[in-house]
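Under the numbering used here, the first residue of the sequence shown carries the number 9, and numbering increases by one thereafter. Note that the Cβ used here is the ideal one computed from N, Cα and C, for glycine as well.
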Amino acid sequence: MDETRTRELSLEAGPRAGGVDPARLVLARYDRDADRFNGPRLGAFWESVALAHEMGRLGQGRRIAVIDTGFDRSFPVLAAQTHLFDTHPQARTAHGSAVALLIHAVAPAATLLLAPVGTDEGLDEERIVAAIGLAVEAGADVINLSMGRSIPYKEAVDDEVARAAYRDPGGDPLVNHAEHRRAHPDWRTALRPRPADPLERAVAGAIAAGCTVVAAAGNSLSHVYSPGLVTGVVSVGFVKDVRALAKEGGEISQAGKPTGFSQTVWHDLGLVQPAGTIGTSFAAPLTSGLVATMPDRSIIPRYLRAAALAAEADLLATVPRMTGQRYEIAAQLYEDAVNGDPHRHWASEPSSIGPCPECALLAGPSYINGGRHWLRGGRVDAAEQVLRAAAAFAPLSPHAHANLGVTLALRAESVRVAGDVDAVGRLLAEARDEMRRAVDLRPDHEDYRGRLAEFTHGAADPGNWAFRLSSPDTPEDNNREDPT
Numbered sequence: 009m010d011e012t013r014t015r016e017l018s019l020e021a022g023p024r025a026g027g028v029d030p031a032r033l034v035l036a037r038y039d040r041d042a043d044r045f046n047g048p049r050l051g052a053f054w055e056s057v058a059l060a061h062e063m064g065r066l067g068q069g070r071r072i073a074v075i076d077t078g079f080d081r082s083f084p085v086l087a088a089q090t091h092l093f094d095t096h097p098q099a100r101t102a103h104g105s106a107v108a109l110l111i112h113a114v115a116p117a118a119t120l121l122l123a124p125v126g127t128d129e130g131l132d133e134e135r136i137v138a139a140i141g142l143a144v145e146a147g148a149d150v151i152n153l154s155m156g157r158s159i160p161y162k163e164a165v166d167d168e169v170a171r172a173a174y175r176d177p178g179g180d181p182l183v184n185h186a187e188h189r190r191a192h193p194d195w196r197t198a199l200r201p202r203p204a205d206p207l208e209r210a211v212a213g214a215i216a217a218g219c220t221v222v223a224a225a226g227n228s229l230s231h232v233y234s235p236g237l238v239t240g241v242v243s244v245g246f247v248k249d250v251r252a253l254a255k256e257g258g259e260i261s262q263a264g265k266p267t268g269f270s271q272t273v274w275h276d277l278g279l280v281q282p283a284g285t286i287g288t289s290f291a292a293p294l295t296s297g298l299v300a301t302m303p304d305r306s307i308i309p310r311y312l313r314a315a316a317l318a319a320e321a322d323l324l325a326t327v328p329r330m331t332g333q334r335y336e337i338a339a340q341l342y343e344d345a346v347n348g349d350p351h352r353h354w355a356s357e358p359s360s361i362g363p364c365p366e367c368a369l370l371a372g373p374s375y376i377n378g379g380r381h382w383l384r385g386g387r388v389d390a391a392e393q394v395l396r397a398a399a400a401f402a403p404l405s406p407h408a409h410a411n412l413g414v415t416l417a418l419r420a421e422s423v424r425v426a427g428d429v430d431a432v433g434r435l436l437a438e439a440r441d442e443m444r445r446a447v448d449l450r451p452d453h454e455d456y457r458g459r460l461a462e463f464t465h466g467a468a469d470p471g472n473w474a475f476r477l478s479s480p481d482t483p484e485d486n487n488r489e490d491p492t
C-alpha cells in the first residue's frame, strides 16, 4: 500500500506554544458579547478587509463551508449558522470554532455551512469527503480546509524538475531560479505525477463544480501537503513582513519565515502573520473570508500567478549584492506581475481608480515593491505610474503613500537641478501630502515623520531644498498585528 495514503490527516494549527493550544489563543481574543475579536486590525490583510467593509462587501449571499473538527454551539454566532451534521460528542471543538469565527470576522454576512468531521480518534477522512459533497450540494461558494496530509519532499517532488532551476553551472543561481520561476510560476509543476486519493478527488470535483477551495499550506518545511497540492486549490500560509529603508528613498519589503512554527515552502499565498497566531490553519480562514467578499472569484488564479512572480522578484530585489543582471530580471518579474493584475489599474488614470480590496492585498505588493525597485534603477516615470495606482486602490496602505511621496520628491530633485523652482514646490507639496497620509496611517514610523518634515519645509522654501538620502536601516519587523 502507498505510504502516502495511510498517513493521517492532521490539523494545521501549529505546535502547542508553552503548552497552550494555538486555537485557544485565537479564541481568547474573541468577545462573545460584541461578536468581534479584541485588538487592533493592522497590516495589509486588515487594510483590505476594512476597504471591503467600507464598500459594503460583507459576504452577503455567499455560503462558506467550514470543514473541521467540531464547533462549539455555545458561541451564539456559530449556533445561528447552518450545521450540515452534528459534532461528535468526543470531538475537539476549539480548532473548528476558531477557524469559523475568523471567517465570520472577515465575512460577517456570509452563511457558514459547518461540517464537523472530527471523532474521538481525530479527523475522519470519509466524513471529510462526504462533507465536501454536501457542501457542493448546499451551494457553497467557498470551502475551507484547515487540515492536511503531509508527504515528504522526496516522495512528492520530482528532483529533476526542481533542479532545472539551477542547471546553468556558470550562471548566477538566483537569476537562474528567477528565470525558471518566471517560466513556471505554479509550484505544482515540480511535483511527481501521482494518483489522486479520495479526498483529492472530492476537492477536484468541488473546484470543477465552481467552488473556491482554500487549504492550509501545512506546518512542516520538509513536506508537501494534500489537499493543497491539488490544482486549483488556494494553498495559504503565513510570512513575516520585514521592511528596511532604502538609501535611494522608500522602503524595501522582505518576506521572512513566520514566527513560532515551521511551514512548508510549497504554497500559493503568504499572508502577513498576525501576532499570536501560530499555524497555517488560521491563514486559510482569513483567506476564505476575503474570497467571499470578492464579486468575481474566477480571477483568483490570475492574482495568485502575479503574486508568485512578485514574490520571486522580492527575493532578488532584497539581496545584499545587487548586480545588473539581478536588477533586470527582478524588474521583468515585477513588470509581469503588475501586467497580470486582472483589473489593470496601472493602465488607468489615478483619478478614476477607486478602492479595490482584492488588489490591495493580492496585487499591492507587486505595485509597491515593483515601483520601489524601478525607482532604484532610475525609472521614475514607471515607479510613479504604479505607485499612484497603488495609493488609489490601496488607500489604507502607508507603504504605498510613503513610496509615492519619495518618488515625487526624487522627481522634484531632478527638476531642482534643472532650475525649475516652481515645479519643485508643486511636486514637494504633493510629496508632503502623500507622506502625511503615510504618517496618519502609521504615526510611529520615525522615517515617515522625518520625510514629512523634510517635504513640508521644502514645499515652503523650494529654492533651498535638496533631497536627503536615507541611511540604510536595519530591517524593521512589521508583524505587529493582532489576529483580528
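Ile140 to Ala210, Cα distance in whole Å?
-> 7 Å
Buried or exposed by the 16-neighbour rule on C-beta atoms within 10 Å, applied to Arg476 = exposed
DSSP three-state assignment for Asn184, whether helix, strand or coil | helix
Residue from Pro350, His381, Glu462 whose Cα sits closest to the Cα of Leu324 | His381
Locate the alpha helix (DSSP H) running through Thr464, then write down its first and last residues.
-> 454-468
Going by beta carbon distance, what residues of the same chain come within less than 6 Å of Asn152, once the five residues before and after it are set aside?
-> Val74, Val222, Ala292, Pro293, Ser296
Inter-stretch contact (C-beta, 8 Å, three-pair minimum) for the stretch 105-124 and the stretch 160-173 | no
List the endpoints of the continuous alpha helix (DSSP H) containing Asp322.
-> 308-325
Between the stretch 399-415 and the stretch 49-64, do at least 3 Cβ pairs fall closer than 8 Å?
-> yes
Answer yes or no: do Ala315 and Ala338 have a C-beta to C-beta separation smaller than 9 Å?
-> no
Might you give, ordered along the chain, the residues of its own chain that have their beta carbon closer than 6 Å to the beta carbon of Arg200, omitting 5 neighbours on each side?
-> Asp166
Element boundaries [alpha helix (DSSP H), containing Ala368] = 365-370
Any idea if Arg529 is buried or exposed, counting beta-carbon neighbours within 10 angstroms, 16 or more meaning buried?
-> The requested residue 529 is not part of the displayed model; the chain covers only 9 to 492.
Collapsed DSSP secondary structure at Leu66 in the structure displayed = coil
Inter-residue spacing [alpha-carbon to alpha-carbon] between Thr492 and Phe45 = Here Thr492 scores only 36 on pLDDT, less than 50, and its place in the model is too uncertain to base an answer on.
Element boundaries [alpha helix (DSSP H), containing Pro295] | Correcting the residue identity first, residue 295 is Thr in this sequence and not Pro. Here the alpha helix (DSSP H) through Thr295 covers 291-301.
Is the beta carbon of Ala31 sitting closer than 9 Å to the one on Ser105?
-> yes
Ordered along the chain, which non-local residues of its own chain (more than five positions away) have a Cβ less than 7 Å from that of Thr14?
-> Any reading at Thr14 must be qualified, since the residue scores a pLDDT of 36, below 50, and its modelled position is unreliable; no value is offered.
The stretch 60-71 contacting the stretch 93-105, beta-carbon criterion three pairs below 8 Å = no
Use the C-beta contact count for Pro193: other C-beta atoms within 10 angstroms, 16 or more gives buried, fewer gives exposed.
-> buried
Identify whether Phe53 lies in helix, strand or coil by the three-state DSSP scheme.
-> helix
Within 10 angstroms of its Cβ, does Val299 collect 16 or more other Cβ (buried), or is it exposed?
-> buried
Quick one: what's got a C-beta closer than 6 Å to Pro406's C-beta in the same chain, skipping five residues either side?
-> Ala446, Leu449, Arg450
Going by Cα to Cα distance, which pick from Leu416, Leu92, Ala123, Asp39 is closest to Pro84?
-> Asp39
Do you know how far the Cα of His103 is from the Cα of Val125?
-> 12 Å
Alpha-carbon spacing of Asn487 relative to Ala426, whole angstroms | Low per-residue confidence applies at Asn487: pLDDT is 46, beneath 50, and the placement is therefore not dependable, though the value from the model is reported in the following sentence. In a straight line, the C-alpha of Asn487 is about 42 Å away from that of Ala426.
Alpha carbon to alpha carbon, what distance is there between Arg202 and Thr12?
-> Annotation note: pLDDT 38 at Thr12 (below 50); position unreliable, coordinate value reported separately. So the two alpha carbons sit approximately 10 Å from each other.
Inspect the CB distances between the stretch 427-443 and the stretch 383-392 and report whether three or more fall short of 8 Å.
-> no
So, using beta-carbon positions, are Cys473 and Ala420 closer together than 9 Å?
-> In the sequence as presented, Cys is not what sits at residue 473; that position holds Trp. Yes, they are a contact pair.
If you draw a straight line from the C-alpha of Ala42 to the C-alpha of Leu131, how long is it?
-> 31 Å
Of the residues Ala108, Pro116, His61, which one's Cα is nearest the Cα of Arg70?
-> Pro116
With burial defined as no fewer than 16 other Cβ atoms inside 10 Å of the residue's Cβ, what is the status of Arg157: buried or exposed?
-> buried
Thinking C-beta only, is Gln89 closer than 9 Å to Leu142?
-> no
Inside the stretch 80-159 only - alpha helix (DSSP H) runs reaching at least 4 residues | 84-87, 102-114, 133-145
Got a sec? Which residues, its chain only, sit under 6 Å from Asp10 by beta carbon, not counting five neighbours each side?
-> A caution first: Asp10 carries a pLDDT of 36, below 50, which makes its placement in the model unreliable, though a value can still be read off. Taken in chain order, the list of residues that qualify is empty.
Can you give me the Cβ contacts of Ala397 inside the same chain, cut-off strictly under 8 Å, excluding the 5 residues immediately before and after it?
-> His353, Trp354, Ser356, Pro358, Ile361, Tyr375
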